[in-house]
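Colleague: Protein chains in written order, with this note's numbering: chain B, 1 to 532; chain C, 1 to 532.
Have a look at this one before I ask anything.
2 protein chains.
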Amino acid sequence: MMALEYDDDIIVIDAGLLFPEEDMPGVDLGIPDITYLVQNREKVRAILITHGHEDHIGALPFVLPELDVPVYASRLAHGLITVKLRERRLIRDARLNVVEPHSPFRLGRFHIEFFRVCHSIPDAMGIAITTPIGTVIHTGDFKIDHTPADGHSMDLAAIARLAGDGALLLCSDSTYAEVKGYTASEQVVGEALDRVISEAPGRVMIATFASLISRMQQVIDAAVRHNRKVTVVGRSMSNNVKMATNMGYLSAPPDTIVTMNEARRLPHDQVIIMATGSQGEPTSALVRIANGVHRDVEVEQGDTVVISASPIPGNEKTVAKTIDNLFRQGANVIYSRVATVHVHGHASQEELKTMLGLVNPRYFVPIHGERRHLVAHANLARSMGMPEEDIFVLEDGDVLALTPEEGVVVDKVAAGHVFVDGKTFWDMDSTVFAERRRLAREGIVVVAATLSTSTCEVLTDPEIVSYGFVELDESLELFEKTSKKVLTLLEEMGASVLTLDKARARVRDSISKFLHSETGRRPTVLTVIEYI
Amino acid sequence: MMALEYDDDIIVIDAGLLFPEEDMPGVDLGIPDITYLVQNREKVRAILITHGHEDHIGALPFVLPELDVPVYASRLAHGLITVKLRERRLIRDARLNVVEPHSPFRLGRFHIEFFRVCHSIPDAMGIAITTPIGTVIHTGDFKIDHTPADGHSMDLAAIARLAGDGALLLCSDSTYAEVKGYTASEQVVGEALDRVISEAPGRVMIATFASLISRMQQVIDAAVRHNRKVTVVGRSMSNNVKMATNMGYLSAPPDTIVTMNEARRLPHDQVIIMATGSQGEPTSALVRIANGVHRDVEVEQGDTVVISASPIPGNEKTVAKTIDNLFRQGANVIYSRVATVHVHGHASQEELKTMLGLVNPRYFVPIHGERRHLVAHANLARSMGMPEEDIFVLEDGDVLALTPEEGVVVDKVAAGHVFVDGKTFWDMDSTVFAERRRLAREGIVVVAATLSTSTCEVLTDPEIVSYGFVELDESLELFEKTSKKVLTLLEEMGASVLTLDKARARVRDSISKFLHSETGRRPTVLTVIEYI
């Protein structure tokens, strides 16, 4: 998410969500912290969406209730947003608008024109925003593919025209700025898939992202060429195939797409199964197939499985495990490390330089990607001769003020992310996450005792309960000893203990030490001491 | 770990440890399940060690107390094992032997000869084991580097001689069997490091594996060439530099290696800092530097940091975060994605085929690596014309019986791993891990109440304690409501409840539902109900 402000007008670009990280266990998702926008609510004119991926639209259900502004998006992104808002019963109040490339419109002091870019979802766009002091070119996510699967290559000439004699500012996708050369075209993938399908002796299962409509089109095209039918498993992919077909983003000759029941009646060498699970998601179709627990599909000798995706950072291990398990089931597995069955959707260094050259901006802000990607992108601009002081590697919340004369980071506002867990919103350094990490490492032991208020006598044997600490057979003897230890402790303290808090702390510390000496582990110890 | 058995003789090759995975939170490490070897204790003649990496020697402190057998290892591995056993006071009973390449010896019916291979630690070896029915060639971890940093290239002719007219069995490293072509030589890295150091305007910090002695030598050589001194931070690396220097694996002109205090007095462009932390280990020197909390080293403008390592699978995110933070601190960071400052130590496809061709085995068992790597390696052998029935992709525990006529998997014995957590050994599917994963996702709530045995009356307000579930400010009101809810529940149950277990279960279920409706989360609920 990024905001552009001029006088009394603010426009927002994208409203994506962050997928949770391991060090924030239990979190459902992260959404942008929009404190600044809420404080300046009356200035915000619109949210402009570059494309329909979750990390660009996923936060809208959380943002729109706070900011009642219109949303502008391409036709496909509009479709995906509609589904999302309908699920949460937010559609009635939403003001959604479809924009076409090169159909300019005005928002306050801003003049907006979307332009087409290539990316791993159809209808991806960049945005040219003309302000009173010059034009801002925001690329969105992009790569320069001259032979994309959907035939919509990037209109480089249009971008040059929008930038005019040089834009004020370029904000450009940095996700693959570390990678030399050019990103391969979707055409290469189409050819690889065609070869795999033509050579496969039996069924072919192909897993990819549910939003990668163009990949599905490539699969369908290859299916037709090689006399196969396609069946789709996995809810999100089935829904997207239906939606994309209805909206005209996916086309298949009649009877090419069949149900699982129909597919089952066909010879194996006439079947392609498209499935979700390319990221090793535990409940996905592919992972259930890999684990031999899918309701409809069981791997057989002669099956070929294609993982037409690469692992999103953090998913490497689950994807690898899925591949291993598919091999164990007897499939021949083809994945991006062994064949070009996937290319990603982001520009590499030569494409990024082409964009910089085309737009020829006064100022440059590399966007999208981690710090190292932004720095790599900044280095590219520097290598092209752009002055150091015109390049800004920003952190979330940095406020960059631009005039035709200079650019200065003038302020830092609340930004970053808030994390959604059930109905609660937490910030990154919530103690809850530290506690959960601790619980995961060592488990927990609860020590409960009841004392007499008058005599400080211990009224029953202290009770010990644990979770994630020991197995049952190990626990009986250990907990008996622990209970005795607590009893002794409390009796020793006797009337000398003045406050409940002190008694609790003393029991907790002693029992922690005791359990460590017995087991070599340090569970979290909670003490519950009641006085009656 | 692998065992070869002939009549009444068993020899074991390597005894490594497994680094814990995310889905087994809290585990210190995994060690091989040696049930079969313990059952056949009297047959085991020795453990042969191919090289000194943790995943080849790390389990010895756990294995040797169970199997009192001699260990044979190269000089460096011997040194590393000695340190390890001394730390655990196991050295006195250990029978450690140093072996040199091509100094054959006998163990029961086996005739053993070690041979030199290239890998990312000095003194790595493969083993030729001649049995009454033919020779087994076990490569250990290897790559074919004709220009290694330590000058010891692989003696391909010796391997051919050991294999004779064709070995009975080749067991060969599969870790990089997915990768086409050749693994680059260490020479390439030496050149890249030299260039980085010669061009760096200020200090250079270089992080690598503490066991990658040859890389340290390359750094020292470049330091000498460019008039820099080297200082080492991080305990494990300091220890290894000392050990390697004493044993002659590392050589530096006098005064090249200096203390941190001495380095501090030098101009920045005369300093190289070698550090641990190339895997983003939270307590390592590099990570503390990246987070700005290292005692001795603070990043300054002009510093260059080189990550001379690639992330071990699973560490991708922590390494990336470290790089991002170093950039934030103002360093110029150079890592394997942007320059050839690291090559790994395993053979790629063309080298693996060279090994297959050189040894020309009757049977082939791809070893080291996950299932997908073994399958890729098997495919290479197949592509070279080896018959399907002579290639065995095995799982841990598979017993392969070989005769000159045929190979058959005849049995499956207990194998796999056991996991060490403090003083306890757990197997993979222990309930403890499932409980910990659950705790990490949602935290825990403890409900404690004391009832009267005679009247079933609730004697105090039920107490609610939580961990990893809510923040303090959120908890007060919620827990007051929860306590009231428990009170009502218990009072309603009253005398009707017969058993403590039933009361507990009923409270647990109701409170789980209540907390979910209040917070949208599902913490683990533990109930402690005592009768007085």
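For glycine and all other residues, C-beta sits at the position ideal for the given N, C-alpha and C.
1) Applying the criterion that 16 or more other CB atoms from any shown protein chain within 10 Å of the CB defines a buried residue, is Leu526 (chain B) buried or exposed?
2) Output, in sequence order along the chain, the residues in the segment 325-338 of chain C whose CB is closer than 9 Å to any CB in chain B.
3) Counting only the same chain and skipping the five closest in sequence on each side, list residues whose C-beta sits under 7 Å from that of Pro311 (chain C).
4) Taking one C-beta from the segment 7-24 of chain B and one from the segment 424-437 of chain B each time, how about it: are there three or more such pairs within less than 8 Å?
5) According to a CB-to-CB cut-off of less than 7 Å, which residues of the segment 408-428 of chain C neighbour chain B?
6) Classify Val359 (chain B) as helix, strand or coil using the three-state DSSP reduction.
7) On the DSSP bridge assignment, give the partners of His111 (chain B) in chain order.
8) Looking at Asn360 (chain C): is its Cβ nearer than 8 Å to the Cβ of Ala128 (chain C)?
9) In the DSSP assignment, the alpha helix (DSSP H) including His373 (chain B) goes from what residue to what residue?
10) Count the other C-beta atoms from every protein chain shown that fall within 10 angstroms of the C-beta of Glu406 (chain C), then say buried if there are 16 or more, exposed otherwise.
11) Quick one: does the C-beta of Ala401 (chain B) sit closer than 7 Å to a heavy atom of the ligand NAD?
12) What did DSSP end up calling Thr450 (chain B) once you bin it into helix, strand or coil?
13) Given a threshold of 16 other Cβ atoms within 10 Å of its Cβ, counted over all protein chains shown, does Met1 (chain B) qualify as buried or as exposed?
14) By alpha-carbon positions, which one of C:Ala15, C:Ile197, C:Val365 ends up nearest to Pro387 (chain C)?
15) So which residues of chain C does Lys317 (chain B) contact, with C-beta pairs closer than 8 Å?
16) Taking DSSP's pairing of strands, which residues face Leu4 (chain C) in a bridge?
17) Is Gly234 (chain C) closer than 8 Å to Ala167 (chain C) when the C-beta atoms are compared?
18) Name, going along the chain, the residues of the segment 197-228 of chain C whose beta-carbon falls closer than 8 Å to a beta-carbon of chain D.
19) Taking C-beta to C-beta, are Thr340 (chain C) and Ala222 (chain C) nearer than 8 Å?
20) Taking C-alpha atoms, which residue in C:Asp145, C:Asn332, C:Lys180 lies nearest to Arg203 (chain C)?
21) In this structure, does DSSP put Phe469 (chain C) in helix, strand or coil?
22) Between the Cα of Val447 (chain B) and those of B:Val413, B:Leu472, B:Ser483, spot the shortest distance and give me the residue it belongs to.
23) Hey, how far is the Cα of Gly108 (chain B) from the Cα of Leu4 (chain B)?
24) Are Arg215 (chain C) and Met154 (chain C) touching if we call contact CB-CB under 8 Å?
25) Sort B:Ala124, B:Asn261, B:Ala263 by Cα distance to Leu212 (chain B) and report the nearest one.
26) Residues of chain B with CB under 9 Å from Val470 (chain C), in chain order?
27) Using a cut-off of 8 Å between C-beta atoms, extract the partners of Ala285 (chain B) located in chain C.
28) Does the distance from the C-beta atom of Ile206 (chain B) to that of Val306 (chain B) stay below 8 Å?
29) Would the beta-carbon of Ile511 (chain C) fall within 8 Å of that of Leu439 (chain B)?
30) If you measure from the beta carbon of Ile532 (chain C) to each beta carbon in chain B, is any gap under 8 Å?
31) According to DSSP, simplified to helix, strand and coil, what is Ser120 (chain C)?
32) By Cβ distance, which residues of its chain are closer than 7 Å to Asp398 (chain C), with the 5 residues on each side in sequence left out?
33) If distances are taken between C-alpha atoms only, which option among B:Leu451, B:Val299, B:His342, B:Ser174 comes closest to Asp141 (chain B)?
34) Would you be able to state if there are at least three C-beta pairs under 8 Å between the segment 42-50 of chain B and the segment 5-22 of chain B?
35) Would you give the residue range spanned by the beta strand (DSSP E) that Arg295 (chain B) belongs to?
36) From Ala210 (chain B) to Arg92 (chain B), what distance separates their C-alpha atoms?
Modeller: On the basis of the data shown:
1) buried
2) Asn325, Leu326, Phe327, Arg328, Asn332, Val333, Tyr335, Arg337, Val338
3) Gln279, Val319
4) yes
5) Asp421, Gly422, Lys423, Thr424
6) helix
7) B:Arg106, B:Thr130
8) no
9) 371-383
10) exposed
11) The model on display carries no ligand, and the ligand NAD is accordingly not part of it.
12) strand
13) buried
14) C:Val365
15) Glu21, Glu22, Pro313, Gly314
16) C:Ile11
17) no
18) This model lacks chain D altogether; the protein chains it does include are B and C.
19) no
20) C:Asn332
21) coil
22) B:Ser483
23) 12 Å
24) no
25) B:Ala124
26) Thr424, Val432
27) Those within 8 Å of Ala285 (chain B) in chain C number zero; the least Cβ separation is about 20 Å.
28) yes
29) no
30) yes
31) coil
32) Val409, Lys412
33) B:Ser174
34) yes
35) First-last for Arg295 (chain B): undefined, no H or E at that position.
36) 26 Å
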